[in-house]
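Position 321 of the sequence shown, counted from 1, bears residue number 330 in our numbering, the numbering being contiguous throughout. One structure is given below, encoded as structure tokens.
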Amino acid sequence: MNELDSLVESAQQLFAQAHTPADLENAKAQFLGKSGKMTELMKGMAQLSVEEKKSRGAAINVAKQAIEAALTARRKALADAELQAHLKAEVLDVTLPGRRRGSGGLHPVSITMERIEGIFGSMGFDVAEGPEIESDWFNFTALNTPEDHPARSMHDTFYVEGGTQHAPNLLRTHTSPMQVRHAVQHVKRYRNLIDAGQTMPEIRVIAPGRTYRVDSDATHSPMFHQCEGLWIGENVSFKDLKVVFTDFCKTFFEQDDLVLRFRPSFFPFTEPSAEIDIQFQSGPLAGRWLEVSGAGQVHPNVVRNMGLDPEKYIGFAFGMGPDRLTMLRYGVNDLRLFFDGDIRFLSQFQS
Ligand code: PHE
């Protein structure tokens, strides 16, 4: 192998070993640069005769072209490799199915709340919301609850730090504080009418929301929901409670043959008081009495705390459990499932 051939070969080898464009340009300089081997060979021709120059020059040129061709090929190979690496890093499989963003949905208890609001809304009830951190006054005292009532004990009620009788000091144990809270606002709005001996517009409101008790098992969660109902006017009776609540239950469960039972009970803030039970006539729960709400005629002391004359104004209140209504409607047997936040459970409720 002559000197030029081996030069070409060593150039090809060196180029092949260059794995970056910078390495390749360095390798190129060794052959084609100002003091590269090919350049030296050209310079070396100065002493040759004209004839020798011709043939030597032609041979050197062939070698030079071979080296340049090797260089160009290697440059292209490196550029291709770089492009391939780039494409691989950004691999995009256009045949994959699209990734959709889940559309989400309402929590089953929220669906129930919306149904409750819709049904009572159609019966002319307003919707009011109140604070979850409540005062002793609204939660107990204004509701005619005696100082030594067991519900006030630390076993049942979550107390928060600070607070006085009228300042927030507990997590409301029911939505009943909204009876007096809302009525006081209503009375304030119609103070002039009332003082002038005229009759104020009726109070007809529901108050849904979160409530808290020290309690936890399959049917009790420390946080649960209630929905209060209150209807106060000059002529609102227990009969109206029966009609309104029966209508509500039949509409809520979409069952016309649903049977209701008003079972005597006791609450400090109603007199008389009742527990309302329902009974399905068909389906898996048929024939069983299921408790859904406490209720009663608002106690005169509570009417007084609303700023109204109990000789003139009378009405009823109820407090039902939307969590329980949701369990009954969908056949869920453990209340805690609603609050575990497991999407596999929650995504099963769409309306
Ligand atoms: N607040 C009562 C409870 O939590 C329910 C109730 C509300 C009873 C209104 C009567 C009237 O059990």
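Every residue, glycine too, gets a C-beta built ideally from N, C-alpha and C. The structure displayed is predicted, hence computed values, not measured ones.
Going by the DSSP bridge assignment, what does residue i pair with across the sheet?
{"i": "residue 278", "result": "Note: residue 278 sits in no beta bridge, so no partner."}
{"i": "residue 240", "result": "213 and 325"}
{"i": "residue 285", "result": "271 and 302"}
{"i": "residue 232", "result": "221"}
{"i": "residue 307", "result": "279"}
{"i": "residue 226", "result": "229"}
Report whether the distance from the Cβ of residue i to the nearest heavy atom of the ligand PHE is below 7 Å.
{"i": "residue 183", "result": "yes"}
{"i": "residue 278", "result": "yes"}
{"i": "residue 305", "result": "yes"}
{"i": "residue 230", "result": "no"}
{"i": "residue 233", "result": "no"}
{"i": "residue 328", "result": "yes"}
{"i": "residue 162", "result": "no"}
{"i": "residue 237", "result": "yes"}
{"i": "residue 282", "result": "yes"}
Please determine whether the Cβ atom of residue i lies at a distance below 7 Å from any heavy atom of the ligand SAH.
{"i": "residue 142", "result": "As for the ligand SAH, it is missing from this structure, which binds only the ligand PHE."}
Could you name each continuous beta strand (DSSP E) segment of 3 residues or more that falls completely within the stretch 137 to 223, going from the start of the chain to the end? 142 to 144, 177 to 180 and 212 to 221
For the stretch 100 to 115 against the stretch 133 to 142, are there 3 or more C-beta pairs whose distance is under 8 Å? no
Are the stretch 75 to 87 and the stretch 324 to 340 touching, with three or more C-beta to C-beta distances below 8 Å? no
Between the stretch 284 to 295 and the stretch 109 to 126, do at least 3 Cβ pairs fall closer than 8 Å? no
Pairing CB atoms from the stretch 262 to 282 with CB atoms from the stretch 213 to 220, are three or more of them under 8 Å? no
Just to confirm the assignment: which complete alpha helix (DSSP H) runs, minimum length 4, are found wholly within the stretch 71 to 149? 117 to 131 and 145 to 148
Quick one: which unbroken alpha helix (DSSP H) runs of 4-plus residues sit fully inside the stretch 14 to 67? Chain order, please. 30 to 41 and 46 to 52
Any 3 or more C-beta pairs closer than 8 Å across the stretch 177 to 196 and the stretch 312 to 325: yes
Indicate whether the contact test is met: 3 or more Cβ pairs, each with one atom in the stretch 223 to 235 and one in the stretch 327 to 347, closer than 8 Å. yes
Quick test of the definition: if touching needs 3 or more C-beta pairs under 8 Å, does the stretch 236 to 250 touch the stretch 154 to 168? no
Count the C-beta pairs between the stretch 297 to 305 and the stretch 274 to 281 that are closer than 8 Å, then say yes if the count reaches three, no if not. yes
Are there three or more Cβ pairs, one per stretch, closer than 8 Å when the stretch 191 to 210 is compared with the stretch 167 to 182? no
Should the stretch 31 to 51 be called in touch with the stretch 70 to 81, which here means at least 3 C-beta pairs below 8 Å? yes
The stretch 57 to 67 contacting the stretch 26 to 36, beta-carbon criterion three pairs below 8 Å: no
When you compare the stretch 351 to 359 with the stretch 110 to 120, are there three or more beta-carbon pairs, one atom per stretch, that lie closer than 8 Å? yes
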